[in-house]
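Since the structure comes first, as structure tokens, the remarks are kept for the end.
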Amino acid sequence: MVTLESHHKAQRLMDWTILGPAIVNSFRKLDPRQQWKNPVMFVVLVGAALTTVLFVHALFGHGEAATSFILGVSLWLWFTALFANFAEAVAEGRGRAQAESLRKAQREVVAKVLSEPHHGARFLPVPAPLVRRGDAVLVEAGDFIPADGEVIEGAASVDESAVTGESAPVIRESGGDRNSVTGGTRVLSDWLVVRVTAKPGETFLDRMIAMVEGAKRQKTPNEIALNILLAALTIIFLVVCVTLLPYSLYSVAQAHQGTPVTITVLVALLVCLAPTTIGALLSAIGIAGMNRLSQANVVAMSGRAVEAAGDVDVLLLDKTGTITLGNRQATEFIPAQGVTVEQLADAAQLASLADETPEGRSIVVLAKKKYNLREREIEKLHAKFVPFSAQTRMSGVDLNGQSIRKGATDAIEGFVSSHGGRLPETVRSAVQLIAKDGGTPLVVADGAKVLGVIHLKDIVKGGIKERFADLRRIGITTVMITGDNPMTAAAIAAEAGVDDFLAEATPEAKLRLIREYQAKGHLVAMTGDGTNDAPALAQADVAVAMNTGTQAAKEAGNMVDLDSSPTKLLEIVQIGKQTLMTRGALTTFSIANDVAKYFAIIPAAFASTYPSLGALNIMRLATPNSAVLSAVIFNAIIIVFLIPLALKGVEYRPAPATQLLRKNLVIYGLGGLAVPFIGIKLIDLLLVALHMV
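Heads up: the sequence shown begins at 1 in the working numbering, then just goes up one per residue.
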């Protein structure tokens with residue numbers, strides 16, 4: 001598959017086309033109007049500004065501590081704020097790199113607005129930004145489609161590579177489920193009459209660019225809850241640190257010895273106690289999750305959709321194209337009693353000559369290969385072909401007094417009965433046997449006479465059963481959706497390994513099934529491409545519309561798959577869970593990291609007030625100032641080391657939630673406790689070696 005070049009660029013962290021602007025944006029984001037949205041980092045910014053003032057004050061000989069110490073703390077607090085901004089800026093930069101190629105698809109084009117909504121009507125050239133919703137526009141070969149819309153007349157080959165990354169053109173035509181077109185794509189051949197469905201500035205491409213850039217990314221419920229927790233912890237530590245200064249002053253006054261703790265040390269203590277690591281990376285994790293979706297050629301219309309994808313526990317999957325290869329193939333002709341297999345093959349092929357479906361073509365091919373039925377030209381037969389319809393559920397041909405029909409068993413049974421015949425028991429048994437084995441039976445009849453059964457077989461995709469087993473291990477229920485009869489559906493469901501199935505699915509049945517699962521507290525995901533899928537897509541928690549589908553489906557969904565791959569839903573759920581796992585892992589690390597820092601900074605912070613606290617210096621740090629500065633430096637640089645993990649995400653492996661929790665506690669919990677002890681001690685040794693304390 002050909003993907004957007006920017007997708008590959010976005011996957012490379014050390015790309016200066018991203019890092020250069022990210023460094024500049026890190027400084028721009030120091031604006032307090034932006035920083036206050038993240039309470040944890042806003043406290044760091046205020047602390048950096050306060051210690052800068054204290055440093056300037058110390059330069060004039062009135063410092064509360066050594067000038068170099070105050071300067072060191074101040075600089076590293078500024079670095080902490082900048083590193084946090086850098087993480088977010090890199091994540092946004094990756095999105096902008098992807099959006100840049102999408103923006104190229106937006107062009108200043110001239111729209112041919114028709115006076116009447118049909119081909120041949122007079123048109124008026126109008127700049128694309130002035131086209132209004134409801135206008136009918138003519139798009140001819142070589143023209144760019146000016147805005148999102150639906151094809152109301154015509155059929156044409158359309159180049160959508162600027163949006164999807166696919167070099168192969170696609171067919172767009174009026175009627176059916178392939179009538180949706182996207183502004184910025186180009187017509188290669190023929191012509192289309194398109195009714196505009198989007199307002200200027202609100203096109204699908206506009207929404208895509210806004211989402212991949214992260215400019216309009218809304219925080220998810222879990223993210224908001226975590227932000228509230230981080231803000232609450234910061235406020236608690238702020239209150240603690242504010243009250244420590246008068247307590248220290250009182251203790252020194254009462255004991256008549258020691259010196260009170262300095263404001264610089266208290267600011268350093270607050271920054272090290274507050275959950276700055278996860279506070280600095282939280283936004284980057286969310287933006288990176290959106291970027292991973294866009295790298296998979298999926299556009300999420302809201303951050304909540306990504307969040308929900310991680311919490312989904314029920315997947316509704318179309319059978320065709322997702323679980324099976326997509327095209328049912330004729331594999332066998334089973335004649336009725338008194339009918340030869342050659343007679344059945346001949347009739348089945350005649351009934352299928354004008355059938356352009358994959359099933360119809362496979363019947364023609366099977367008759368050619370097995371029974372050498374070749375060189376039949378439709379024009380020379382002078383036959384009347386009866387096309388398939390959803391009402392009759394059969395198709396066929398009227399030729400030389402014959403009325404040959406092929407179709408669903410009950411439909412053919414009704415046709416035969418209307419001609420005075422009946423369905424033989426041997427044929428009924430063959431139908432049941434095929435359905436039981438997971439195949440699709442098509443009965444063939446000539447008027448009142450039943451000729452036999454065609455065995456159509458769906459091929460279950462290789463490896464799909466193992467994927468469903470993985471999903472089951474992490475608590476996700478898979479439900480197959482199919483229009484097949486219950487017996488056929490049950491056989492394929494058993495072969496594929498899904499947990500449940502919905503047979504003879506109608507739009508109402510899909511909607512009812514989703515509501516039933518949601519009423520039991522489940523989060524449901526599904527895919528769809530047709531207008532008949534729109535109600536269920538609107539109801540689902542994660543609704544992935546196919547880009548090749550109708551405008552109604554895309555408007556009902558909260559994600560759009562540009563590749564129009566039904567199996568993409570499995571990848572989307574994986575990306576959602578990876579985002580949640582990454583946030584959980586780094587939160588665990590951050591909290592454990594803070595606990596370890598307490599042992600370094602608290603004894604040092606109060607060593608001047610309570611010399612006896614020196615016994616708690618278990619890390620054997622050189623001096624109180626060295627301990628405080630080492631902790632502040634470590635607090636800043638650990639953010640830089642964790643940026644790649646925040647952007648790439650924790651490796652996803654299907655496993656039960658309890659197993660993942662244990663793994664996170666061992667790797668990121670114990671790691672978060674151990675790493676600061678090692679890191680702070682090494683920094684302390686370096687500071688001493690450089691005579692900086």
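For glycine and all other residues, C-beta sits at the position ideal for the given N, C-alpha and C. Model, not experiment: these values are computed from the prediction.
Quiz prompt | Straight-line Cα distance separating L373 from Q11 | solution = Taking the first residue of the sequence shown as position 1, residue 11 is located at position 11. Taking the first residue of the sequence shown as position 1, residue 373 is located at position 373. Residue confidence is low: Q11 scores 43 on pLDDT, short of 50, so the model does not pin down where it sits. Its coordinate-derived value is still stated next. Q11 and L373: Cα-Cα distance of roughly 54 Å.
Quiz item: Since L114 is in the beta strand (DSSP E), which residue starts that stretch and which ends it?
Solution: Translated into the one-based positions of the sequence shown, residue 114 becomes position 114. Here the beta strand (DSSP E) through L114 covers 110–114.
Self-check item: Reference A655; option with closest CA among S612, K577, R132
Solution: Along the sequence shown, one-based indexing puts residue 655 at 655. Ranking the options by Cα distance to A655, first place goes to K577.
Quiz item: Given a threshold of 16 other Cβ atoms within 10 Å of its Cβ, counted over all protein chains shown, does N400 qualify as buried or as exposed?
Solution: Taking the first residue of the sequence shown as 1, we reach residue 400 at position 400. With fewer than 16 neighbouring CB atoms inside 10 Å of its own CB, N400 falls in the exposed class.
Exercise. Classify H455 as helix, strand or coil using the three-state DSSP reduction.
Key: Taking the first residue of the sequence shown as position 1, residue 455 is located at position 455. Judged by DSSP in its simplified three-state form, H455 adopts strand.
Quiz item: Are three or more beta carbon pairs between the segment 79–86 and the segment 635–648 nearer than 8 Å?
Solution: Contact holds between the segment 79–86 and the segment 635–648, because three or more Cβ pairs, one in each stretch, are under 8 Å apart.
Exercise. Classify A215 as helix, strand or coil using the three-state DSSP reduction.
Key: Residue numbering aside, residue 215 sits at position 215 when the sequence shown is read from its first letter. For A215, the pLDDT reaches just 43, beneath the cut-off of 50, and the residue's location in the model is therefore unreliable, although a value from the coordinates is still provided. For A215, the three-state secondary structure derived from DSSP is coil.
Quiz item: Would you say the segment 345–355 touches the segment 496–515, given that touching needs at least three Cβ pairs under 8 Å?
Solution: No, the segment 345–355 does not touch the segment 496–515.
Self-check item: Inside the segment 532–602 only - beta strand (DSSP E) runs reaching at least 3 residues
Solution: Unbroken beta strand (DSSP E) stretches of 3 residues or longer found wholly inside the segment 532–602: 542–546, 559–561, given in chain order.
Exercise. Assign I678 to buried or exposed, taking buried as 16 or more other Cβ atoms, counted over all protein chains shown, within 10 Å of its Cβ.
Key: Sequence index remark: in the sequence shown, residue 678 carries index 678 (1-based). So I678 ends up on the exposed side.
Quiz item: Can you name, in chain order, every residue of its own chain whose Cβ lies under 6 Å from the Cβ of R122, other than the five neighbours on each side?
Solution: Residue mapping note: residue 122 aligns to position 122 of the sequence shown, counting from 1. Once the five neighbours on either side are set aside, the close Cβ partners of R122 are S115.
Self-check item: Local Cβ density within 10 Å of S417, reported as buried at 16 or more and exposed below that
Solution: On the sequence shown, residue 417 is found 417 positions in, with the first residue counted as 1. Note on S417: under 16 other CB atoms within 10 angstroms of its CB, so exposed under the neighbour-count rule.
Quiz item: Is the segment 577–593 touching the segment 247–261 in the sense that three or more CB pairs, one from each, lie closer than 8 Å?
Solution: No, because fewer than three Cβ pairs between the segment 247–261 and the segment 577–593 fall closer than 8 Å, the two stretches do not touch.
Quiz item: What is the rounded straight-line gap between the Cα of A156 and the Cα of L523?
Solution: In the sequence shown, counting from the first residue as 1, residue 156 sits at position 156. In the sequence shown, counting from the first residue as 1, residue 523 sits at position 523. For A156 and L523, the distance between alpha carbons rounds to 39 Å.
Self-check item: Under the three-state DSSP convention, the category T506 falls into
Solution: The count along the sequence shown starts at 1 and reaches residue 506 at position 506. DSSP places T506 in coil when its eight states are reduced to three.
Quiz item: If you draw a straight line from the C-alpha of Q659 to the C-alpha of S565, how long is it?
Solution: Translated into positions along the sequence shown, residue 659 becomes position 659. Translated into positions along the sequence shown, residue 565 becomes position 565. Answer to the nearest angstrom: the Cα atoms are 31 Å apart.
Quiz item: Can you tell which of G279, P507, V137, F55 has the C-alpha that lies nearest to the C-alpha of D533?
Solution: As a position in the sequence shown, residue 533 is number 533, starting the count at 1. The option with the nearest alpha carbon to D533 is P507.
Practice problem: Flag this pair as touching only if the segment 485–499 and the segment 465–474 have three or more C-beta atom pairs under 8 Å; answer yes or no. | Solution: At 8 Å Cβ cutoff, the stretches touch.
Quiz item: Looking at I145 and V194, is the spacing between their C-beta atoms short of 8 Å?
Solution: In the sequence shown, residue 194 corresponds to position 194, counting from 1. In the sequence shown, residue 145 corresponds to position 145, counting from 1. Contact: yes.
Quiz item: Who are the near neighbours of G614 in its chain, counting only those whose CB is closer than 6 Å to its CB and skipping five residues on each side?
Solution: What you label residue 614 is simply residue 614 of the sequence shown in a count that begins at 1. Non-local beta-carbon contacts of G614 in its own chain, meaning distances under 6 Å to residues more than five positions away in sequence, involve A607 in chain order.
Exercise. Could you tell me the boundaries of the alpha helix (DSSP H) in which V46 lies?
Key: Here residue 46 is taken as the residue at index 46 of the sequence shown, counted from 1. Residue range 39–57 is occupied by the alpha helix (DSSP H) that includes V46.
Quiz item: Is the Cβ-Cβ distance between D684 and L273 less than 8 Å?
Solution: Translated into positions along the sequence shown, residue 684 becomes position 684. Translated into positions along the sequence shown, residue 273 becomes position 273. In this structure, the beta-carbon distance from D684 to L273 does not fall below 8 Å.
Practice problem: Round the Cβ separation of A309 and I602 to the nearest angstrom and send it over; I've been treating them as touching at under 8 Å. | Solution: Translated into the one-based positions of the sequence shown, residue 309 becomes position 309. Translated into the one-based positions of the sequence shown, residue 602 becomes position 602. Contact flag wrong, Cβ pair sits at about 41 Å.
Practice problem: Could you name the residues of the same chain whose beta carbon sits closer than 6 Å to that of L124, not counting the 5 residues immediately before and after it, in chain order? | Solution: Counting from 1 along the sequence shown, the entry for residue 124 is found at position 124. So the qualifying residues of the chain are V113.
Practice problem: Report the three-state DSSP secondary structure of E160 (helix, strand or coil). | Solution: Residue numbering aside, residue 160 sits at position 160 when the sequence shown is read from its first letter. E160: coil per DSSP, three-state reduction.
Practice problem: Could you name the residues that DSSP lists as bridge partners for S180? | Solution: For this step, residue 180 is matched to residue 180 along the sequence shown. DSSP output for S180 lists E150 as bridge partner(s).
Quiz prompt | Burial state of I236, where buried means 16 or more other Cβ atoms lie within 10 Å | solution = Numbered from 1 along the sequence shown, position 236 holds the residue referred to as residue 236. Within a 10 Å sphere around the beta-carbon of I236 sit fewer than 16 other beta-carbons, which makes this residue exposed.
Exercise. Would you be able to state if there are at least three C-beta pairs under 8 Å between the segment 65–77 and the segment 619–635?
Key: A contact exists between the segment 619–635 and the segment 65–77.
Quiz item: Skipping 5 residues on each side, what residues in its chain have a beta carbon closer than 7 Å to that of L325?
Solution: Taking the first residue of the sequence shown as 1, we reach residue 325 at position 325. Contacts found: I459, K461.
Quiz item: Between L616 and the rest of its own chain, which residues show a CB-CB distance below 8 Å, the 5 nearest in sequence each way excluded?
Solution: In the sequence shown, counting from the first residue as 1, residue 616 sits at position 616. Contacts found: F599, I602, P603.
Quiz item: Could you check where the alpha helix (DSSP H) with D318 kicks off and where it finishes?
Solution: Counting from one through the sequence shown, the residue named residue 318 turns up at place 318. Per DSSP, D318 lies in no alpha helix (DSSP H); the unbroken beta strand (DSSP E) holding it starts and ends at 314–318.
Quiz prompt | Closest Cα partner of G420 within the set D446, G142, G396, K370 | solution = For the purposes of this step, residue 420 is taken as the residue at position 420 of the sequence shown. Of the candidates D446, G142, G396, K370, the one whose C-alpha sits nearest the C-alpha of G420 is D446.
Quiz item: Going by alpha carbons, who is nearest to I363 out of D541, A225, Q329?
Solution: Working through the sequence shown from its first residue, we reach residue 363 at position 363. Its Cα nearest to that of I363, the residue Q329 stands out among D541, A225, Q329.
Quiz item: Looking at C-alpha atoms only, which residue of D484, P246, L233, A538 is the closest neighbour of M301?
Solution: Working through the sequence shown from its first residue, we reach residue 301 at position 301. The option with the nearest alpha carbon to M301 is A538.
Quiz item: Just curious, the alpha helix (DSSP H) that G679 is in, first and last residue?
Solution: Residue 679 sits at position 679 when you count from the first residue of the sequence shown. It spans 670–689 - the alpha helix (DSSP H) in which G679 sits, taken as one unbroken run.
Quiz item: Is L77 closer than 8 Å to V632 when the C-beta atoms are compared?
Solution: Looking up residue 632 in the sequence shown gives position 632. Looking up residue 77 in the sequence shown gives position 77. Note that the C-beta distance between V632 and L77 is below 8 Å.
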